[in-house]
Amino acid sequence: MSGTAMQAPGAVGQMRPLGSTGIQVSAVGLGTWAMGAQWGPQEDQESLRTLHHALDLGCQFLDTAQEYGNGRSEQLIGRVFQERGASVPVGTKVPPIDMNWETIPGVTKIQDKFPAQYIIDRCEGSLRNLHVDCLDVYFLHTWCPSWNEETEWYEAMLKLREQGKIKGIGISVSDARPAEANGSIQAGQVDVVQVIYNILDQCAATELFPVARQHHTGVVARVPLASGALAGQWTPQTTFPPDDWRHDVFVGETLERTLHYVNQLRFLAQGSSSSLAEAAVRFSLSNLTVSSVIPGARSQEDVDGNMQAWRLGPLPEDELQQIRELWQREFQHFIRTSFYPVTP
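Taking the numbering used here, I'd label the letters of the sequence shown as residues 628 to 971.
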């Protein structure tokens, strides 16, 4: 498949430029980590139905990664593209070669995580899995601020672009360091950056977004629902399956503090949104620096909620102001290193 654009007769909501790549994406896309692994049981047939439903409703950006089920989510997307005979913009990520996402500034060497030939070789696997000839965005799946002076990784990306195998060069920054790739953005090496941006973690708005705007870099906002917390369904008794990465994270004090913050946001479900989850997705797309928000979905019902948020668009200014005030007063003091452990 040559990456033929898919028509979206059911499309509603705003399309946005993906930085200066020339690619237009839906302001709400779809994240597929849960379809691959580490979020509890998920049947492939349900994932396929979910993907088809999202595309039927006009979703025009899919986010995946080689590490999501060792290629499983990529392969599911590729199967859907084959079944439909067309594709939509898709971004995937190459994992560090040692499969360790943690990096230490000044200590971790990029050659030990992303050797140039490794970046090139792994791209071929993604192209096969997705059944496309060209990746719209190819991300490094972690970063380190001390790598901003390195060039070998970038030369490998340029080679792939010259060969027509990728369009956009991307970096997925670490959970707790939204500004860590700013140096590479300023050097003109990054077309798209992926970063956590949600109601509970708004750091990217001040630490990254101004630089991205200045250099016309696309922004993909991940974790808009704060790993499920902002869906508003958790209780003090909430537990997760053993094969769900949240099983050992959202327990004890971390779960308690998360619920404390989420409870202060429940007013949003009585405002311009019908649910807290809907309001959370709308918050992330309210900042126009964001090219696409990528909430995960495991069912058609999840997709319906995400697409409704896209249909409604940005939150009204009075609600945004209340959210900003809560952030400044309380949320920004949240210990993000415990809320967002190092994960793919």
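Every residue, glycine too, gets a C-beta built ideally from N, C-alpha and C.
Under the three-state reduction of DSSP output, Y824 falls in the coil class, being neither helix nor strand. In this structure, DSSP gives T719 an extended state, which the three-state scheme calls strand.
Nearest to S854 by alpha-carbon distance, out of F877, Y888, R755, is F877. Annotated three-state conformation of Q860 is coil, per DSSP. The alpha-carbon separation between S674 and P668 amounts to approximately 11 Å. Taking all protein chains shown into account, K736 has fewer than 16 neighbouring C-beta atoms within 10 Å of its C-beta and is therefore exposed.
The three-state reading of DSSP puts S799 in strand, counting E and B together. DSSP places M642 in the strand class (E or B) of the three-state scheme. Comparing alpha-carbon positions, the option among G712, I704, K720, Q709 lying closest to Q693 turns out to be K720.
Counting along the chain, the unbroken alpha helix (DSSP H) around D671 starts and ends at 671 to 683. Boundaries of the alpha helix (DSSP H) harbouring L886: 879 to 890, taken from the DSSP string. In the three-state reduction of the DSSP assignment, K794 falls in the strand class. For L903, the enclosing alpha helix (DSSP H) starts and ends at 903 to 913. Check the Cα spacing between E957 and each of V759, L895, N890: the tightest is with N890. Note that the region 775 to 784 does not touch the region 719 to 733; fewer than 3 beta-carbon pairs, one per stretch, sit closer than 8 Å. Three or more Cβ pairs drawn from the region 912 to 926 and the region 847 to 866 lie within less than 8 Å of each other, which places the two stretches in contact. Burial of T730 is indicated by the presence of at least 16 other C-beta atoms within 10 angstroms of its C-beta. Segment contact: the region 674 to 687 against the region 707 to 714, three or more CB-CB distances shorter than 8 Å; contact assigned. With fewer than 16 neighbouring CB atoms inside 10 Å of its own CB, P863 falls in the exposed class. In this chain, the beta strand (DSSP E) harbouring D763 covers 762 to 767. Three or more Cβ pairs closer than 8 Å define a contact, and the region 820 to 831 falls short of that threshold against the region 929 to 949. Burial is judged here by how many other beta carbons sit within 10 angstroms of a residue's own beta carbon; E751 has fewer than 16 and is exposed. Its chain contains C771, P772, S773 as the residues whose beta carbon lies nearer than 7 Å to that of P732, once the 5 sequence neighbours on both sides are disregarded; these appear in chain order. Residue environment: V734 is assigned as exposed (fewer than 16 neighbouring CB atoms within 10 Å of its CB, all protein chains considered). Beta-bridge partners assigned by DSSP to A664: none are found. In this structure, R893 and G940 do not form a Cβ contact; the two beta carbons are roughly 22 Å apart against a cut-off of 8 Å. Taken in chain order, the complete alpha helix (DSSP H) segments of 4 residues or longer contained in the region 830 to 859 are 830 to 834, 836 to 841. DSSP, read as helix, strand or coil, puts S900 in coil.
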